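**Q** Each step along the sequence shown adds one to the number in the numbering used here, with nothing skipped, and position 139 is 911.
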Amino acid sequence: MKKIQMVDLNGQYEGIKKEVNDSIAEILETSAFINGPYVHAFQKELQDYLGVKHVIPCANGTDALQICMMGLGLQPGDEVITADFTFAATVEVIALLNLTPVLVDVEPDTFNIDVAAIERAITPKTKAIVPVHLFGQCANMDAIMELAKKHDLFVIEDNAQAIGATYTSKNGEKQKAGTIGHVASTSFFPSKNLGCYGDGGAIFTNDDDLAHTIRGIVNHGMYERYYHDVVGVNSRLDSIQAAVLKAKLPKLDGYNKQRWQSAAKYTKAFQGQEHIVTPKISCACGIQPSTCDCHVFHQYTLKILNGKRDALVKHLNENNVPCGVYYPVPLHKQKAYADSRYNEADFPVTNQLVKEVISLPMHTELDDEQIAFITKLVIDFVKQ
Ligand SMILES: *Cc1c(COP(=O)(O)O)cnc(C)c1O
773 MKKIQMVDLN
783 GQYEGIKKEV
793 NDSIAEILET
803 SAFINGPYVH
813 AFQKELQDYL
823 GVKHVIPCAN
833 GTDALQICMM
843 GLGLQPGDEV
853 ITADFTFAAT
863 VEVIALLNLT
873 PVLVDVEPDT
883 FNIDVAAIER
893 AITPKTKAIV
903 PVHLFGQCAN
913 MDAIMELAKK
923 HDLFVIEDNA
933 QAIGATYTSK
943 NGEKQKAGTI
953 GHVASTSFFP
963 SKNLGCYGDG
973 GAIFTNDDDL
983 AHTIRGIVNH
993 GMYERYYHDV
1003 VGVNSRLDSI
1013 QAAVLKAKLP
1023 KLDGYNKQRW
1033 QSAAKYTKAF
1043 QGQEHIVTPK
1053 ISCACGIQPS
1063 TCDCHVFHQY
1073 TLKILNGKRD
1083 ALVKHLNENN
1093 VPCGVYYPVP
1103 LHKQKAYADS
1113 RYNEADFPVT
1123 NQLVKEVISL
1133 PMHTELDDEQ
1143 IAFITKLVID
1153 FVKQ
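(1) Please report the Cβ distance between residue 1073 and residue 1098, rounded to the nearest whole angstrom; I am assuming they are in contact, meaning their Cβ atoms lie under 8 Å.
(2) Where does residue 739 fall in DSSP's three states?
(3) In three-state DSSP terms, what is residue 1121?
(4) Could you tell me whether the Cβ atoms of residue 930 and residue 904 are closer together than 8 Å?
(5) Can you find a heavy atom of ligand 1 that lies under 7 Å from the Cβ of residue 930?
(6) By how many angstroms is the C-alpha of residue 1148 removed from the C-alpha of residue 926?
(7) Helix, strand or coil, according to DSSP, for residue 1103 in the structure here?
(8) Mapping DSSP to helix, strand and coil, what is residue 925?
(9) For residue 1048, which option in 1075, 783, 1103 and 1113 has the closest C-alpha, if you only look at C-alpha atoms?
(10) Compare the Cα-Cα distances from residue 880 to each of 897, 1077, 1105 and 1134 and report the closest residue.
(11) Beta carbon of residue 964, beta carbon of residue 810: below 8 Å?
(12) Looking only at C-alpha atoms, which of 882, 888, 1016 and 1093 sits nearest to residue 1125?
(13) Could one say the Cβ of residue 936 lies closer than 8 Å to chain B's Cβ atoms, at least one of them?
(14) Would you call the segment 1095-1111 and the segment 1034-1048 touching, i.e. three or more CB-CB distances under 8 Å?
(15) Quick check: the Cα distance between residue 1130 and residue 1081, rounded to an integer number of angstroms?
(16) Ends of the beta strand (DSSP E) at residue 955?
(17) What residue range does the alpha helix (DSSP H) around residue 1033 cover?
(18) Since residue 1010 contacts residue 805 with CB under 8 Å, what's their CB separation in whole angstroms?
(19) Considering only heavy atoms of ligand 1, does any lie closer than 7 Å to the CB of residue 1069?
(20) Using C-beta distances below 6 Å, list every residue in its chain close to residue 912, excluding the 5 sequence neighbours before and after it, in chain order.
(21) Does the Cβ of residue 795 have 16 or more other Cβ atoms within 10 Å, making it buried, or fewer, making it exposed?
(22) Expressed to the nearest angstrom, what Euclidean distance is found between the alpha-carbon atoms of residue 949 and residue 1042?
(23) Between 792, 1138 and 896, which has its C-alpha nearest residue 1013's C-alpha?
(24) Can you tell me whether residue 1131 sits near ligand 1, meaning its C-beta is under 7 Å from at least one heavy atom of the ligand?
(25) Among 845, 975, 1084 and 876, which one has its Cα closest to the Cα of residue 1114?
(26) My assumption, with CB atoms under 8 Å, is that residue 834 sits in contact with residue 878. Please give the rounded CB distance.
(27) Please report how far the alpha carbon of residue 1032 lies from the alpha carbon of residue 1096, in whole angstroms.
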């Protein structure tokens, strides 16, 4: 059996090696390292793929989130609601901009932000909601957009984990993750579903004015060379990363399909296991769940109900099966973000999830033998 890895980027590279190597060689020959033709070509191709008017590339997914908030003109003291159960980047940029983070609980089955909890958290100071499409599946965007409209709030989608996922609205309309809210951010970190070979990120929006504002912000607040109209940042996607992404983009749907097919095999194997809860696909598209791209499985995350999660992590590692706990600490309990405003009673789900979740190896190169080995190890250990 091939060695099992949490993320295996090597097999993917084999499939695009010639194109990537040739384009990197061309960039080295032409010295078009910054803002070269590959950046523009990738940007246009990603716009077409997503069906969104504007893609603005930038240096990483954390910058992308920050720039979204700067572009919307959020001011110190404005409250921004986001999920308690996610990667810290989201709350980090809210805090960095002196906005007030308001963390709320998530749903126990999809792990995504709980819309009722958002509604309870809205105050006259609330300006924006940041749903994170956690582990590869969209938050409940129909309800979030309705709530935002009712209270006149911006919606910033953190789409670092769900690029390529399709969201089907109640009315049957299909949109790509990251094209539904007012603006969205994504990350091209190597292990993401569309990853480059270094750092990268992008912002998406259908709003022409906001796109214009943001294009200036990523470039030191310049709209005309050496005239700085707003405070900006320096956040660029470089040509080498764009060349890698341009080679991978046509394969993204295929990559995501390999992920959801592996996820379906995991889920089938875990069927009927009393203490193991498999990920819920919240699918409104009418296609059989697990045979569509409603969920693109950035992570395949189980809940272990009988208190053996930590022992399982140890057991898997001892058997050379890597795994991850995303995330072990609720954001409202992290030293940097703890705040007396928060009430433990408001976070029953996150407080429980951090004890139960475990993410299994998930990437485009998993084979049946590996999946059978992993699932048997998990099942035998959890049911003892
Ligand atoms: C990866 C990630 C980010 C940050 O992306 P970087 O490119 O690493 O800065 C932000 N939010 C979520 C949910 C992520 O998973």
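Beta carbons: idealized from backbone N, C-alpha and C, even for Gly. It should be emphasised that the depicted structure is a prediction, and the values quoted were computed from it without experimental measurement.
**A** In short, the structure shows the following:
(1) 7 Å
(2) Residue 739 is absent from the model: the chain starts at 773 and stops at 1156.
(3) helix
(4) yes
(5) yes
(6) 45 Å
(7) helix
(8) coil
(9) 1075
(10) 1077
(11) no
(12) 882
(13) Absent from the structure is chain B; it holds one protein chain and no more.
(14) no
(15) 7 Å
(16) 955-959
(17) 1024-1042
(18) 6 Å
(19) no
(20) 887
(21) buried
(22) 28 Å
(23) 792
(24) no
(25) 876
(26) 21 Å between Cβ atoms; not a contact.
(27) 18 Å
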